[in-house]
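Participant:
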Amino acid sequence: MAPCRKLSFQAQGRSLPERLSHLKTKAKFGPSPLGRARQSVCPPERRPAAGAAASRLAPEGRGWPKGPSCSSGQRDGSGGQPGHRTPGLSVKAPMEMGSSSTEKFYRIPEGKGPHSVGCTDLMTENAVEGSFLRLYYPSCDATANEEAPWIPDKEYYQGLSDFLNMYRVVGERLFQYYVGSVTCPAKSNAAFKPGEKYPLLVFSHGLGAFRTIYSAICVEMASQGFIVAAVEHRDESASATYYCKKKSVSEPQEESTSNMEKEWIYYRKLKTGEEERCLRHKQVQQRAQECIKALDLILKINSGEEVMNVLNSDFDWNSLKDSVDTSRIAVMGHSFGGATVIESLSKEIRFRCGIALDAWMLPVGDDIYQSSVQQPLLFINSEKFQWADNILKMKKLSSNDTNKKMITIKGSVHQSFPDFTFVSGEIIGRFFKLKGEIDPNEAIDISNHASLAFLQKHLSLKKDFDKWDSLVDGIGSNVIPGTNIELSPAEPE
Numbered sequence: 003m004a005p006c007r008k009l010s011f012q013a014q015g016r017s018l019p020e021r022l023s024h025l026k027t028k029a030k031f032g033p034s035p036l037g038r039a040r041q042s043v044c045p046p047e048r049r050p051a052a053g054a055a056a057s058r059l060a061p062e063g064r065g066w067p068k069g070p071s072c073s074s075g076q077r078d079g080s081g082g083q084p085g086h087r088t089p090g091l092s093v094k095a096p097m098e099m100g101s102s103s104t105e106k107f108y109r110i111p112e113g114k115g116p117h118s119v120g121c122t123d124l125m126t127e128n129a130v131e132g133s134f135l136r137l138y139y140p141s142c143d144a145t146a147n148e149e150a151p152w153i154p155d156k157e158y159y160q161g162l163s164d165f166l167n168m169y170r171v172v173g174e175r176l177f178q179y180y181v182g183s184v185t186c187p188a189k190s191n192a193a194f195k196p197g198e199k200y201p202l203l204v205f206s207h208g209l210g211a212f213r214t215i216y217s218a219i220c221v222e223m224a225s226q227g228f229i230v231a232a233v234e235h236r237d238e239s240a241s242a243t244y245y246c247k248k249k250s251v252s253e254p255q256e257e258s259t260s261n262m263e264k265e266w267i268y269y270r271k272l273k274t275g276e277e278e279r280c281l282r283h284k285q286v287q288q289r290a291q292e293c294i295k296a297l298d299l300i301l302k303i304n305s306g307e308e309v310m311n312v313l314n315s316d317f318d319w320n321s322l323k324d325s326v327d328t329s330r331i332a333v334m335g336h337s338f339g340g341a342t343v344i345e346s347l348s349k350e351i352r353f354r355c356g357i358a359l360d361a362w363m364l365p366v367g368d369d370i371y372q373s374s375v376q377q378p379l380l381f382i383n384s385e386k387f388q389w390a391d392n393i394l395k396m397k398k399l400s401s402n403d404t405n406k407k408m409i410t411i412k413g414s415v416h417q418s419f420p421d422f423t424f425v426s427g428e429i430i431g432r433f434f435k436l437k438g439e440i441d442p443n444e445a446i447d448i449s450n451h452a453s454l455a456f457l458q459k460h461l462s463l464k465k466d467f468d469k470w471d472s473l474v475d476g477i478g479s480n481v482i483p484g485t486n487i488e489l490s491p492a493e494p495e
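Numbering-wise (this note's numbering), the sequence shown opens with residue 3 and increments by one.
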């Protein structure tokens with residue numbers, strides 16, 4: 003236990019993969035830069051207390067069936083050593099090496115709403131400036147369709163390995179073994195369910211995560227009648243992402259292969275002496291623009307405009323025409339994605355409200371606090387991640403505004419929101435803080451139900467989500483209003 007505590011101190015601000023790298027690879031990270039900012043031109047941030055910011059991203063990755071087509075080139079945005087972590091989806095994870103008969107099945111929870119759920123990937127343009135997202139949507143029953151892969155390419159394992167300072171060959175094998183069978187509880191390219199207009203939710207992932215890692219949230223929202231666009235950010239904050247480009251003429255091409263290839267972008271680590279707040283502020287602005295771009299893209303499709311998907315897919319995008327309720331649009335995200343929610347609200351009035359899950363406030367610019375976020379905003383925090391400076395920034399943003407709420411889920415940790423909490427056993431989950439004291443299913447239900455109640459109120463939905471209104475006020479089992487963090491008397495709540 004002693005080594006565990008020591009690691010948790012040294013790796014504050016980092017996620018499971020980072021802790022794993024300490025144990026498995028003995029890499030010397032030193033104190034995490036994530037929880038604090040070094041002094042520079044940008045105003046400095048105070049570092050959270052030891053153990054307070056135990057991880058800033060989102061859990062880890064999974065196996066790779068074959069991802070959307072486009073063969074593979076590579077661009078390492080960090081000089082060959084990128085990385086960060088991620089969450090996950092539905093799972094069957096073998097528990098003993100070399101034994102196919104001893105498999106323990108872990109499963110990402112399926113949606114509990116009235117709709118079946120499908121998902122598909124969309125990428126536009128043959129350049130880094132294009133959009134890349136996974137769309138979750140209410141679908142027709144699709145018994146013939148397979149569930150979508152959780153992590154569709156081995157390069158995501160490589161990005162996670164780089165982030166963990168692990169040899170890629172080792173990281174790939176570990177991730178493939180432990181989460182290689184994980185699937186998303188949504189049917190790949192299932193037919194879209196027509197007949198009504200659905201509200202739209204744009205989702206932003208955490209630092210080191212990517213578009214597929216929050217399926218327990220996205221699938222639930224889609225099952226309750228939302229179209230969800232989970233963006234994969236290309237600001238070098240994802241552990242790995244890619245865009246498709248045309249192969250050079252000099253490259254030999256077989257007749258059967260595509261003339262496109264994947265150009266990979268990996269997580270960029272801080273350079274020596276680099277001010278983290280400046281980098282993250284720059285990234286969050288790009289992230290917000292990518293969320294707005296995703297919104298524009300879905301609305302284009304909704305209007306009947308033809309959009310070319312660079313990825314090979316059987317999904318009929320024309321079926322989405324006139325399916326989005328353009329007056330009911332919201333934005334949601336976890337950790338760095340929570341900061342992205344705030345930045346997006348300040349820049350785009352079409353987002354009528356936002357939900358920030360365990361938000362990391364470091365990237366948010368000072369100008370945002372000057373009444374630039376007018377829309378309703380719900381902060382849903384974990385018990386174990388937050389610290390006073392971070393909470394005070396949330397309160398500064400929401401002071402004297404009854405449409406801005408904050409609740410805390412008792413017994414939860416930062417990784418209670420991404421999917422990896424569902425695909426790890428009790429021992430691994432507790433040791434690496436992927437699981438809190440609360441049951442992961444109960445924690446995600448509280449978060450999802452509070453989100454749905456908040457969305458019903460502020461998007462004027464005609465649903466029955468108001469049965470969970472008490473959760474938004476912090477009333478109920480395993481939830482409290484505001485925060486569990488003690489704030490200085492000089493800093494009023």
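C-beta atoms are modelled at their ideal positions from N, C-alpha and C, and glycine is treated no differently.
(1) Go through its chain and collect everything with a Cβ distance to residue 149's Cβ below 8 Å, but skip five positions before and after it.
(2) What residue range does the beta strand (DSSP E) around residue 334 cover?
(3) Which one of 311, 390 and 441 has the shortest CA to CA distance from residue 425?
(4) Since residue 292 and residue 235 are thought to touch, with beta carbons under 8 Å apart, how far apart are those beta carbons, to the nearest angstrom?
(5) Are there 16 or more other CB atoms within 10 angstroms of the CB of residue 477, so buried, or fewer, so exposed?
(6) Classify residue 503 as buried or exposed, calling it buried when 16 or more other Cβ atoms lie within 10 Å of its own Cβ.
(7) Where DSSP assigns a beta bridge to residue 246, which residues make up the other side?
(8) Use the C-beta contact count for residue 449: other C-beta atoms within 10 angstroms, 16 or more gives buried, fewer gives exposed.
(9) Excluding five sequence neighbours on each side, which residues of the same chain lie with their C-beta closer than 7 Å to the C-beta of residue 378?
(10) Under 8 Å by Cβ, that's how I've got residue 485 and residue 388 pegged, so tell me the actual separation to the nearest angstrom.
(11) Return the residue from the list 108, 245, 204 and 116 that minimises the CA-CA distance to residue 134.
(12) Under 7 Å Cβ to Cβ from residue 299, same chain only, skipping five residues before and after it: list those, please.
(13) So, are the CB atoms of residue 408 and residue 363 less than 8 Å apart?
(14) For the segment 380-464, which segments carrying the beta strand (DSSP E) assignment without a break, of at least 3 residues, lie completely within its bounds, in sequence order?
(15) Tell me whether the beta-carbon of residue 238 lies closer than 8 Å to the beta-carbon of residue 270.
(16) Within a Cβ cutoff of 8 Å, which residues of the same chain sit near residue 225, ignoring the five residues on either side of it in sequence?
(17) How long is the line joining the alpha carbons of residue 306 and residue 326, rounded to whole angstroms?
(18) From what residue to what residue does the beta strand (DSSP E) around residue 123 run?
(19) On the DSSP bridge list, what partners appear for residue 355?
(20) Could you check how far apart the C-beta atoms of residue 337 and residue 361 are, in whole angstroms? I think they sit under 8 Å.
(21) Between which two residues does the beta strand (DSSP E) harbouring residue 221 extend?
(22) Are there 16 or more other CB atoms within 10 angstroms of the CB of residue 345, so buried, or fewer, so exposed?
(23) Once the 5 residues before and after residue 129 are set aside, which same chain residues still bring their CB inside 8 Å of it?
(24) Unbroken beta strand (DSSP E) runs of length 3 or more, entirely within the segment 134-202: which are they?
(25) When you compare only the Cα positions, how much space is there between residue 228 and residue 162?
(26) Please report the distance separating the alpha-carbon of residue 152 from that of residue 192.
(27) Please classify residue 206: does DSSP put it in a helix, a strand, or coil?
(28) For residue 481, which residues does DSSP report across the bridge?
(29) Between which two residues does the beta strand (DSSP E) containing residue 233 stretch?
(30) Please classify residue 392 as buried or exposed, where buried requires at least 16 neighbouring CB atoms within 10 angstroms.
(31) CB residue 347 to CB residue 382, shorter than 8 Å?
(32) Just mark residue 475 as buried or exposed, buried being the case when its beta carbon has 16 or more other beta carbons within 10 Å.
(33) Could you compute how far the alpha carbon of residue 454 sits from the alpha carbon of residue 464?
(34) Using the rule of at least 16 other Cβ atoms within 10 Å of the residue's Cβ for burial, across every protein chain shown, is residue 84 buried or exposed?
(35) Can you tell me where the alpha helix (DSSP H) holding residue 301 begins and where it ends?
(36) With respect to the alpha helix (DSSP H) encompassing residue 471, which residues constitute its N-terminal and C-terminal limits?
Facilitator: So, from the data block:
(1) As a working mapping, residue 149 is identified with position 147 in the sequence shown. Result list for residue 149: 92, 185, 186, 187, 188, 189 and 190, in chain order.
(2) As a first step, residue 334 is located in the sequence shown; it is residue number 332 there, counting from the start. Where residue 334 is concerned, the enclosing beta strand (DSSP E) stretches over 326-336.
(3) Position 423 of the sequence shown, counting from 1, holds the residue named residue 425. For the residues 311, 390 and 441, the minimum Cα distance to residue 425 belongs to 441.
(4) One-based indexing of the sequence shown puts residue 292 at position 290. One-based indexing of the sequence shown puts residue 235 at position 233. Confirmed, Cβ separation roughly 6 Å.
(5) Within the sequence shown, the letter at position 475 stands for residue 477. By the 10 Å Cβ count, residue 477 comes out exposed.
(6) Nothing can be reported for residue 503: it is not among the residues displayed for the chain, which extend from 3 to 495.
(7) As a working note, residue 246 is residue 244 in the sequence shown. Partner(s): 264.
(8) Counting from 1 along the sequence shown, the entry for residue 449 is found at position 447. With 16 or more Cβ atoms within 10 Å of its Cβ, residue 449 is classed as buried.
(9) As a working note, residue 378 is residue 376 in the sequence shown. For residue 378, where only same-chain residues beyond five positions count, the Cβ hits under 7 Å are 355, 405, 406 and 460.
(10) Start at 1 with the first residue of the sequence shown, and residue 485 comes out as number 483. Start at 1 with the first residue of the sequence shown, and residue 388 comes out as number 386. Correct: roughly 6 Å between the Cβ atoms.
(11) Mapped onto the sequence shown, residue 134 falls at position 132. With distances taken between Cα atoms, residue 134 lies closest to 245.
(12) Against the sequence shown, residue 299 aligns to sequence position 297. Taken in chain order, the residues that qualify are 126, 133 and 309.
(13) To locate residue 408, count along the sequence shown from 1; it is residue 406. To locate residue 363, count along the sequence shown from 1; it is residue 361. No, the Cβ-Cβ distance between residue 408 and residue 363 is not below 8 Å.
(14) 406-411
(15) As a position in the sequence shown, residue 238 is number 236, starting the count at 1. As a position in the sequence shown, residue 270 is number 268, starting the count at 1. A contact, by the Cβ cut-off of 8 Å.
(16) Taking the sequence shown and counting its residues from 1, the one referred to as residue 225 is at position 223. Here the set comprises 112, 113, 114, 115, 116, 117, 118, 119 and 140.
(17) Counting from 1 along the sequence shown, the entry for residue 306 is found at position 304. Counting from 1 along the sequence shown, the entry for residue 326 is found at position 324. Going from the Cα of residue 306 to the Cα of residue 326 covers about 11 Å.
(18) The residue given as residue 123 occupies position 121 in the sequence shown. Residue 123 -> beta strand (DSSP E) spans 118-125.
(19) Start at 1 with the first residue of the sequence shown, and residue 355 comes out as number 353. The partner list for residue 355 (beta bridge, DSSP) reads 332.
(20) Residue 337 sits at position 335 when you count from the first residue of the sequence shown. Residue 361 sits at position 359 when you count from the first residue of the sequence shown. Contact holds; Cβ gap of about 7 Å.
(21) For the purposes of this step, residue 221 is taken as residue 219 along the sequence shown, with counting starting at 1. Segment 217-225 is the alpha helix (DSSP H) holding residue 221; no beta strand (DSSP E) there.
(22) Taking the sequence shown and counting its residues from 1, one reaches residue 345 at position 343. Buried is the call here.
(23) If you number the sequence shown from 1, residue 129 lands on position 127. These residues qualify, in order along the chain: 245 and 247.
(24) 134-141, 149-151 and 185-190
(25) As a working note, residue 228 is residue 226 in the sequence shown. As a working note, residue 162 is residue 160 in the sequence shown. If I take the Cα positions, the gap works out to 30 Å.
(26) Position 150 of the sequence shown, counted from the first residue, corresponds to residue 152. Position 190 of the sequence shown, counted from the first residue, corresponds to residue 192. Going by the C-alpha atoms only, they are around 16 Å apart.
(27) Taking the first residue of the sequence shown as position 1, residue 206 is located at position 204. Residue 206 falls in the strand class under three-state DSSP.
(28) As a working note, residue 481 is residue 479 in the sequence shown. DSSP, once it has assigned bridges, lists 411 as partnering residue 481.
(29) Position 231 of the sequence shown, counted from the start, is the residue given in the question as residue 233. Unbroken beta strand (DSSP E) run through residue 233: 229-233.
(30) Working through the sequence shown from its first residue, we reach residue 392 at position 390. Classification for residue 392: buried.
(31) Here residue 347 refers to the residue found at position 345 of the sequence shown. Here residue 382 refers to the residue found at position 380 of the sequence shown. No, these two residues do not count as a Cβ contact at 8 Å.
(32) Residue numbering aside, residue 475 sits at position 473 when the sequence shown is read from its first letter. Counting Cβ neighbours within 10 Å, residue 475 comes out exposed, since fewer than 16 surround it.
(33) The residue given as residue 454 occupies position 452 in the sequence shown. The residue given as residue 464 occupies position 462 in the sequence shown. Rounded to the nearest angstrom, the two C-alpha atoms are 12 Å apart.
(34) Residue 84 sits at position 82 when you count from the first residue of the sequence shown. Since pLDDT at residue 84 reaches only 35, below the 50 mark, its modelled position is unreliable, and no value is offered.
(35) Here residue 301 is taken as the residue at index 299 of the sequence shown, counted from 1. Segment 278-304, the alpha helix (DSSP H) holding residue 301.
(36) The residue given as residue 471 occupies position 469 in the sequence shown. Segment 471-474, the alpha helix (DSSP H) holding residue 471.
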